[in-house]
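In my numbering, the protein residues as written are 1353 to 1488.
Beta carbons: idealized from backbone N, C-alpha and C, even for Gly.
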Amino acid sequence: MKKVNYYYITAGLFAILFSITHELNGLQRVIPALSSGALDISAVTTINYIWHVITAENFIFGIAFIIMAFYRDRKNVRFSAWLICSILLTRLFVIVGTTLIMTGGQINDLIIDIIAIVIYTAILLVGTRAKSDKKR
């Protein structure tokens, strides 16, 4: 029987869940606020597509991790997991850094996001330590 990496499946499901909640949050809060007319169309368009790119990235990461969970030789997917972790942590550092600069140190609204991304990347990193099911 094929050994499955449940850490990657868990991370994949989290990523898909995060993509859905990110999109719903955008549709309910961010996109309507952009339509208030206070910003020019160029700024609105930029924020809009960046929001949707992050949603799509999260969804693709989720699908990738679910597929990676079924690879027998973990060495073949370990680099991808590390790369995605570095992307997620870089994204988190940019968000936190920008928020700290723009709000003068207020990150209260980011606490849940920070915790979620740290747990998510921790699951991924533990998944990279799982043993391969390669037959010798």
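Asked, Found
"Compare the beta carbon distance of A1408 and Y1360 with 8 Å and say whether it is the shorter of the two.", "no"
"For the pair the region 1387-1405 and the region 1413-1433, tell me if three or more CB-CB distances fall below 8 Å.", "no"
"Any idea if Y1305 is buried or exposed, counting beta-carbon neighbours within 10 angstroms, 16 or more meaning buried?", "Missing from the structure shown is residue 1305; the chain here goes from 1353 to 1488 and no further."
"Buried or exposed: F1417, going by 16 or more other Cβ atoms within 10 Å of its Cβ?", "buried"
"Assign G1449 to one of three DSSP states: helix, strand, or coil.", "helix"
"Can you round the beta-carbon distance between I1385 and Y1472 to whole angstroms, since I take them to be within the 8 Å contact cut?", "It should be pointed out that residue 1385 corresponds to Ala in this sequence rather than to Ile. In fact, because the Cβ distance is near 26 Å, the residues do not count as touching under 8 Å."
"Take I1475 and list the residues in its own chain whose beta-carbon comes closer than 6 Å to its own, dropping the five residues that flank it on each side.", "Y1359, T1362, A1363"
"Hey, how far is the Cα of I1412 from the Cα of N1377?", "18 Å"
"Let's test the definition: count the other Cβ atoms within 10 Å of the Cβ of S1371 and tell me whether it reaches 16, buried, or not, exposed.", "buried"
"Could you check if R1426 is buried or exposed, using at least 16 other CB atoms within 10 Å of its CB as the buried criterion?", "buried"
"Identify, in the order they occur along the chain, each residue of the same chain with its Cβ nearer than 6 Å to the Cβ of L1444, setting aside the five sequence neighbours on each side.", "I1469"
"Which residues in the same chain as V1382 place their Cβ atom closer than 8 Å to its Cβ, once the five residues preceding and following it in sequence are excluded?", "I1399, W1403"
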